[in-house]
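Some notes on the structure that comes next.
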Amino acid sequence: MGEVDPAFIQDLQHRPKLGVIEAEEIPVIDLSPVTNEAVSDPSSIERLVKEIGSACKEWGFFQVINHGVPLVLRENIEKASRMFFSQSVEEKRKVSRDERNAMGYYDTEHTKNVRDWKEVFDSVAQDPTPVPLTPHEHDHRLTYWSNSTPHYPPHLRSTITKYVKETEKLSLKLMELIALSLGLEAKRFEEYFVKDQTSLFRLNYYPRCPSPHLALGVGPHKDVGALTVLAQDEVEGLELLQVWSNDAYESPEHRVVVNSEKERYSYPFFLFPAQETEVKPMEELINDQNPSKYRPYKWGKFLAHRFSTNFKKQVGENIQILHYKIK
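So in numbering that gives the first Met the number 0, spot 286 of the sequence shown is number 285, and the numbers just go up one at a time.
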């Protein structure tokens, strides 16, 4: 990518304000009570649950340490990712994703109709993954997203598989802690992920940008799933959890800035439920004083709609959970 094409230029209100962002106050949560068998004090788990609840309410995201994902897996992902994205565009496009199969390489993704300054390589955690063929309510046909396997580097697919397995374990453990922080049973969310989950793993590459004051790696947005775990040990609370918690926890809007001197990589795991999941506030969290704030919606149809918009410019706003909010 060279000079900034007009397709990348953000509206004035969304353009990045360059400078150092102080992050000292962002919660750092030690997961040792649930990842280290030597830590068996019940009170330490209670403190952990309270810390997560506070972080979800006040920030919508937090950093974790002692999370149990082996460092070597992170290092292997980083090496393999750099090798893949270092290839020519022609080579990378041999495993491009398209409207028939949303998994693979892509370099023209848009956020709110502005092109993102990035390249991606997407994989499903469960291969193949069943999803609705179309977003139309009465169309019950399914299609299957399958992973693409590049020729180079030859170990990329196995490297991703190993990393995703461990990151999925971490994600489900975090969902248990989040459930407890909401006053729910630890396994309350488990039913949505034990079979046919639609979770995704992405390699993100943000090349050097000649005009970082005009473009963004990803424009302002809220992620749509239950949880996103970034390889930088950062965890972001997201929109699906916002509905389940009936707005007790809110998804933060965020964006990705780019740099004129350094390229950047990130490796998010998106925890998504099974396609047939009906998303609505948890019954235990609604009552006469706190009525439901959202209409139920089918996760698979929502997901199909979101992915169908990746391949064409939108006339209006892309579908958001706010469209299901009861006014």
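Virtual Cβ for every residue (Gly too), placed ideally from N, Cα, C.
On a predicted model such as this, the values are computed, not experimentally measured, just so you know.
- Using a Cβ distance threshold of 9 angstroms, P134 and F301 count as a contacting pair.
- Each of N65, P209, L240 and T128 was checked against the Cα of N35, and the nearest Cα belongs to N65.
- A distance below 6 angstroms between beta-carbons, with the five flanking residues on each side excluded, links Y104 to the following residues of its chain, in chain order: K91, V94, S95 and F120.
- Going by beta carbons, L181 and G52 fall inside the 9 angstroms limit.
- DSSP, reduced to helix, strand and coil, places S291 outside both helices and strands of the structure shown, so it counts as coil.
- Assignment of I159 by DSSP, reduced to helix, strand and coil, places it in the helix class.
- When C-beta atoms of the segment 268-285 are compared with those of the segment 222-231, three or more pairs fall below 8 angstroms, so the two segments count as touching.
- Cβ-Cβ separation between K117 and Y204: approximately 6 angstroms, consistent with a contact (criterion under 8 angstroms).
- Counting C-beta atoms within 10 angstroms of its own C-beta, Y293 has 16 or more neighbours from the protein chains shown and is therefore classed as buried.
- For L199, the enclosing beta strand (DSSP E) covers residues L199 to Y205.
- In chain order, A185 place their CB closer than 6 angstroms to the CB of E175, counting only its own chain and leaving out the 5 sequence neighbours on each side.
- Between the beta-carbon of I28 and that of V63 there is about 5 angstroms, and that keeps the pair under the 8 angstroms contact cut.
- T148 places its beta carbon 9 angstroms or farther from that of F200.
- The beta-bridge partner set that DSSP reports for I25 is empty.
- With fewer than 16 other beta carbons inside 10 angstroms of its own, R99 counts as exposed.
- For a cut-off of 8 angstroms, the C-beta gap from Y323 to Y296 is around 5 angstroms, short enough to register as a contact.
- Less than 9 angstroms separates the beta-carbon of S244 from that of P280.
- In the assembly as shown, S87 is an exposed residue. Its beta-carbon has fewer than 16 other beta-carbons within 10 Å.
- Among the bridge pairs identified by DSSP, S122 is matched with F200.
- Between the beta-carbon of P129 and that of D195 there is about 6 angstroms, and that keeps the pair under the 8 angstroms contact cut.
- Looking at G299, Q319 and K326, the one whose alpha-carbon comes closest to that of L141 is G299.
- The three-state secondary structure of Q62, taken from DSSP, is strand.
- In the three-state scheme derived from DSSP, where H, G and I count as helix and E and B as strand, A54 is classed as helix.
- Here N75 is near Y162, since their CB atoms are less than 9 angstroms apart.
- Spanning the alpha carbons of M102 and E45 requires a straight line of approximately 40 angstroms.
- With 16 or more other Cβ atoms inside 10 Å of its own Cβ, V48 counts as buried.
- In terms of CA proximity to R114, A214 leads the group S307, A214, F306 and Q288.
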